[in-house]
Amino acid sequence: MRQRFAEEDVRNVPDEPSIFFLYHESDLVYIGRTPPRSGLRTELEHALRMAMAEDMDVTHFTFELTKSPKTRAAEELREYFENWGRLPQYNRAQGVAFQQRVELRR
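The numbering of the sequence shown is the numbering used here, which starts it at 26 and goes up by one.
Put into structure tokens, the structure is as follows:
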């Protein structure tokens, strides 16, 4: 179920290993994961701060709890690429500023 990408909604997610999906309206714009020793709430709070600072268009999110976030995120990215012939907007090279800042935390 999609949830609003807002502070009060992010506060209510579990802080466990996960993958997450960020959307602008109905379009998937980013597939992310929690790094080792971090949880979903922490990563979404970080992404929310970055989205506000970078004026990114993210309106909703979903997530999947998993013990293997790195593997699951890679699977989801591969499936998206196979279906659409490209990566989600903020996973692409032009979305590199967002992606690099997320990766610096890992």
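A virtual CB, placed ideally from N, CA and C, is assigned to each residue, including glycine. Nothing here was measured: the structure is a model prediction, and the numbers come from that model.
Asked	Found
Inter-residue Cα distance where the pair is residue 113 and residue 103	11 Å
Residue range of the unbroken alpha helix (DSSP H) whose run includes residue 96	94-109
Where the alpha helix (DSSP H) through residue 67 begins and ends	65-79
For residue 55 and residue 65, believed in contact at Cβ under 8 Å, the rounded distance	With a Cβ gap of about 14 Å, residue 65 and residue 55 do not count as contacting.
Presumed contact (8 Å Cβ cut-off) between residue 2 and residue 50, rounded CB distance	Limits of the chain in this structure are 26 at one end and 131 at the other, which puts residue 2 out of reach.
Element boundaries [beta strand (DSSP E), containing residue 54]	52-58
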